[in-house]
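Here's the structure we're looking at; comments come further down.
In this note's numbering, the protein residues as written are 62 to 331.
Right under this line is the structure:
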């Protein structure tokens, strides 16, 4: 007899978001498993950004929100603006669409990386053994290696390619060893070939370190290459959720079937 499946790392329960009577997110229930790569796919206006902001606890007080979120078994009331938004330190890491949002153009890359290490490195008192301390101190360096990032030297962001800048932002996020890495339209600012290579390394690094990846994208072709499961969003509704092969080969909802039919594998970026 098979053992019980482990509980999900994160659960969204009956999430509904409205604005002046207009439903932006309509009663969404979604489980995110530990260590998986889950892609949330949908077109413009599908509700991806609102869903993402709700998940991260970033609220607009003009919006009415209801529902619950359970993270590692701890329940949060999404309607409570005061109490929600306090995940344990370094639980979530967010990578924005464009490197220009996350990098200071006036600061050297080396300095920016040092600030990340300063903020994310555990205090000495949190290490139980010297071996553990070495592993934690060396981990950020290993992330740079896994993402194939070169020496910073004395360079500024503009002296690196957009692809290298995006990888560095992802290294910033991974350095904290988050439970969940959130990639918001991760390839929108990149050439498709460069983007595919970068994401391949990111997903590989996340799996090697048991980090869950939540990828939010309009690009089904991209999601299909990297995601274990795909959630399809349309007009604020979660209309289909399944393992990638099932979504691609046996879509149930007509909207999903249309996405699959019109995906463009090698050239899907606008």
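No residue lacks a Cβ here, since even glycine has one placed at the ideal position from N, Cα and C.
None of the values given here were measured: they were computed from a predicted structure.
Distances from the alpha-carbon of residue 96 to those of 85, 267 and 307 put 267 closest. Proximity to residue 239 across 88, 155 and 316 peaks at 155, based on C-alpha coordinates. For the set 83, 67 and 101, the Cα lying nearest the Cα of residue 282 is the one of 101.
Contact between residue 317 and residue 301 holds: CB atoms are separated by about 5 Å, below the 8 Å threshold. Judged by beta-carbon spacing, residue 265 lies beyond the 8 Å limit of residue 213, meaning their Cβ atoms are not closer than that value. In the three-state reduction of the DSSP assignment, residue 141 falls in the coil class.
Put simply, the segment 112-122 touches the segment 77-95. At least three CB pairs are less than 8 Å apart. In this structure, residue 290 lies near residue 304, with their beta-carbon atoms less than 8 Å apart.
Out of 232, 294 and 271, the CA that lies nearest to the CA of residue 157 is found in 232. Under the 10 Å beta carbon count, residue 228 is surrounded by 16 or more other beta carbons and is classified as buried.
Excluding its 5 nearest sequence neighbours in each direction, residue 230 has C-beta neighbours in its own chain below 8 Å: 156, 157, 160, 163 and 164, listed in chain order.
Distance from the CA of residue 98 to the CA of residue 248, rounded to the nearest whole angstrom, comes to 16 Å. Under DSSP, the beta-bridge partners assigned to residue 292 are 101 and 302. Judged by beta-carbon spacing, residue 244 lies beyond the 8 Å limit of residue 273, meaning their Cβ atoms are not closer than that value. Taking a contact as a CB-CB distance under 8 Å, the pair residue 87 and residue 297 counts as one, their CB atoms being some 5 Å apart. Nearest C-alpha to residue 201 among 255, 181 and 299: 181. Per the DSSP secondary-structure output, residue 135 pairs in a beta bridge with 132. Within the same chain, Cβ atoms closer than 6 Å to the Cβ of residue 320 are found at 281, the five residues on either side in sequence being excluded. A straight-line Cα-Cα distance of about 16 Å links residue 132 and residue 141. The continuous alpha helix (DSSP H) containing residue 260 extends over residues 253-269. Residue pairing by DSSP leaves residue 272 without any beta bridge partner.
Taking the CA atoms as reference points, residue 85 sits about 6 Å from residue 108.
Annotated three-state conformation of residue 311 is coil, per DSSP.
If you compare the alpha carbons of 94, 89 and 310 with that of residue 67, the shortest gap goes to 94.
For residue 80, the pairing in a beta bridge is given by DSSP as 83. Between residue 293 and residue 104, the C-beta spacing is not below 8 Å. Going by C-alpha positions, residue 299 is about 12 Å away from residue 92.
The C-beta distance from residue 285 to residue 309 rounds to 6 Å, short enough to meet the 8 Å contact threshold.
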